[in-house]
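Enquirer: Dropping the structure in here first, questions after.
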């Protein structure tokens, strides 16, 4: 049975109905941010900017009625994994303790913990797939707010979900912080034939950063200055220049990233900066320059570098007919 481009399948196993749903969320590279923390979690978030990618997190959820109470099997890229994102989504949906056996498979197609927004992408894709498989009728904003709360309570992000869900294409700029429905997301247009090429080396644990109030205060001021400068002259060139300054002044940039960015600058590719937050960089590349940029990066990957070549997503989170993103 096909409903709203989401394949909701029913199989009978010994009289038990199994329901399956698929969802996808784009990864979202963050180029700069400025946290905004208040008492209401739905009003918490961040201003900032970055790029939605046409790769990200694909999710398959299977639900069957159970006579043995609640049970959960969670896997990431085929391996069993006790995902606190999945557990928190289930908790906020009020499903834990109900008579279900639930299987959640996440397929993460970008490096984790390196500024690709995978936690927020997982939260929204898992929420959407669970709601469809469980038959919960919720609007997109309702599901997105659940995902925002999951990211907030798990300490894995602040404005990621709003950036993923708030508009499509181009350079996304969150000009007013908050969860979905509270945040205001603008964008700077870019040509259709651009790629975002990124290289990731090592993750950075965001939970420690997000819980350091003193450091967050410093980042808040720094990030607001970047937003003001970008809005005064909203161009891709100014965006990358300001984001590079942000990365340097924040102290997040490692010597390896500085060296690689210098190599790119000297080769004429200065639309590049660091992922927030991770030991990773991303570059806006025009189609005619793609092979040259790939060759430069390949020579500097080392043993632990991972290159991701992606287009800019222009559709946002969506249901799928299977695990293939269209």
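In this note's numbering, the protein residues as written are -17 to 308. Where is the CB? At the ideal position from N, CA and C, for every residue including glycine.
With a CB to CB cut of under 6 Å and the five nearest residues on each side skipped, what residues in its chain are close to residue 226?
Expert: Excluding residues within five positions, the ones whose Cβ falls inside 6 Å are 255.
Enquirer: Residue 85 and residue 148: beta carbons closer than 7 Å?
Expert: No, the pair does not count as a contact, with Cβ atoms beyond the cut-off.
Enquirer: Can residue 288 be considered in contact with the ligand MG, in the sense that its beta carbon sits closer than 6 Å to one or more heavy atoms?
Expert: Within the structure as shown, the ligand MG is missing, as the structure has no ligands at all.
Enquirer: With distances taken Cα to Cα, identify the nearest neighbour of residue 87 among 96, 10, 104 and 93.
Expert: Ranking the options by Cα distance to residue 87, first place goes to 104.
Enquirer: I need the straight-line Cα distance from residue 129 to residue 261, nearest angstrom please.
Expert: Near 25 Å, if we compare the C-alpha coordinates of residue 261 and residue 129.
Enquirer: By a C-beta neighbour count over all protein chains shown, 10 Å radius and 16 as the cutoff for buried, is residue 242 buried or exposed?
Expert: Buried, since its Cβ has 16 or more Cβ neighbours within 10 Å.
Enquirer: Pairing CB atoms from the stretch 1 to 20 with CB atoms from the stretch 28 to 36, are three or more of them under 8 Å?
Expert: The stretch 1 to 20, when compared against the stretch 28 to 36, does touch it at the 8 Å Cβ threshold.
Enquirer: Can you find the residues in the same chain that come closer than 8 Å, C-beta to C-beta, to residue 278, ignoring five residues on each side of it along the sequence?
Expert: Hits under 8 Å: 245, 246, 249 and 251.
Enquirer: Looking at the secondary structure, which residues open and close the beta strand (DSSP E) in which residue 289 lies?
Expert: Start and end: 288 to 293.
Enquirer: Spatial neighbours of residue 118 within its chain, please: CB distance less than 8 Å, with the 5 preceding and 5 following residues excluded, ordered by chain position.
Expert: 75 and 112.
Enquirer: State the Cα-Cα distance for the pair residue -8 and residue 165, rounded to the nearest angstrom.
Expert: Legend: pLDDT at residue -8 = 47, less than 50; position of this residue unreliable, value from coordinates given subsequently. When rounded, the distance between both Cα atoms is 38 Å.
Enquirer: First and last residue of the beta strand (DSSP E) that includes residue 244?
Expert: Looking at the DSSP string, residue 244 is not in any beta strand (DSSP E); the run it does join, the alpha helix (DSSP H), is 237 to 248.
Enquirer: Using a Cβ-Cβ cutoff of less than 7 Å, which residues in the same chain neighbour residue 297 once the five nearest sequence positions on both sides are dropped?
Expert: Excluding residues within five positions, the ones whose Cβ falls inside 7 Å are 150.
Enquirer: What is the DSSP secondary structure of residue 0, reduced to helix, strand or coil?
Expert: Of the three classes helix, strand and coil, the one that applies to residue 0 here is strand, per DSSP.
Enquirer: Just the Cα atoms here: how many angstroms apart are residue 332 and residue 195?
Expert: Residue 332 lies beyond the stretch modelled for the chain, which goes from -17 to 308, so this question has no answer here.
Enquirer: I believe residue 17 touches residue 198 by the beta-carbon criterion, under 8 Å. Please report the beta-carbon distance rounded to the nearest angstrom.
Expert: With 8 Å as the limit, residue 17 and residue 198 qualify as a contact, their Cβ atoms being about 5 Å apart.
Enquirer: What residue does the alpha helix (DSSP H) around residue 199 start on, and which one ends it?
Expert: Segment 195 to 214, the alpha helix (DSSP H) holding residue 199.
Enquirer: Going by C-alpha to C-alpha distance, which of 63, 67, 83 and 230 sits closest to residue 52?
Expert: Residue 52 has its Cα closest to that of 83, out of 63, 67, 83 and 230.
Enquirer: Name the DSSP bridge partner or partners of residue 83?
Expert: Paired residue(s): 46 and 53.
Enquirer: Can you tell which of 62, 137, 93 and 49 has its C-alpha closest to the C-alpha of residue 70?
Expert: Nearest C-alpha to residue 70: 137.
Enquirer: Going by C-alpha distance, which of 135, 281, 304 and 19 is nearest residue 158?
Expert: Nearest of 135, 281, 304 and 19 to residue 158, Cα basis: 19.
Enquirer: What is the residue span of the alpha helix (DSSP H) that residue 114 lies within?
Expert: Its alpha helix (DSSP H) spans residues 100 to 116.
Enquirer: Which residue's Cα is closest to the Cα of residue 114: 283, 0, 306 and 61?
Expert: When only C-alpha atoms are compared, the closest one is 0.
Enquirer: By the three-class DSSP mapping on this structure, what secondary structure does residue 309 have?
Expert: Only positions -17 to 308 of the chain appear in the structure, and residue 309 is not among them; the question remains open.
Enquirer: What residues match up with residue 226 in a beta bridge as DSSP calls it?
Expert: Note: residue 226 sits in no beta bridge, so no partner.
Enquirer: In this structure, how does DSSP classify residue 231 when only helix, strand and coil are distinguished?
Expert: Residue 231: helix per DSSP, three-state reduction.
Enquirer: Hey, how far is the Cα of residue 294 from the Cα of residue 267?
Expert: Whole-angstrom Cα-Cα distance: 11 Å.
Enquirer: Residue 206 to residue 200, Cα distance in whole Å?
Expert: Each residue's Cα considered, the two are about 10 Å apart.
Enquirer: Should residue 302 and residue 4 be called a contact, given that it needs their Cβ atoms to be closer than 7 Å?
Expert: Result yes, Cβ atoms of residue 302 and residue 4 sit closer than 7 Å.
Enquirer: My understanding is that residue 204 touches residue 222, with C-beta atoms under 8 Å, so please give their C-beta distance in whole angstroms.
Expert: About 16 Å separates the two Cβ atoms, so there is no contact after all.
Enquirer: Within its chain, find whatever has a CB closer than 7 Å to the CB of residue 109; leave out the 5 residues flanking it on each side and keep chain order.
Expert: So the qualifying residues of the chain are 71, 125, 128 and 129.
Enquirer: For the candidate residues 139, 176, 21 and 46, whose alpha-carbon lies nearest to that of residue 258?
Expert: Of the listed residues, the one whose Cα sits closest to residue 258 is 139.
Enquirer: Smallest Cα separation from residue 60: which of 305, 77, 67 and 89?
Expert: Among 305, 77, 67 and 89, the Cα nearest to that of residue 60 is on 89.
Enquirer: Report yes if the CB atom of residue 331 is closer than 7 Å to the CB atom of residue 171, and no otherwise.
Expert: Because the chain in this structure spans residues -17 to 308, residue 331 falls outside the shown range and cannot be described.
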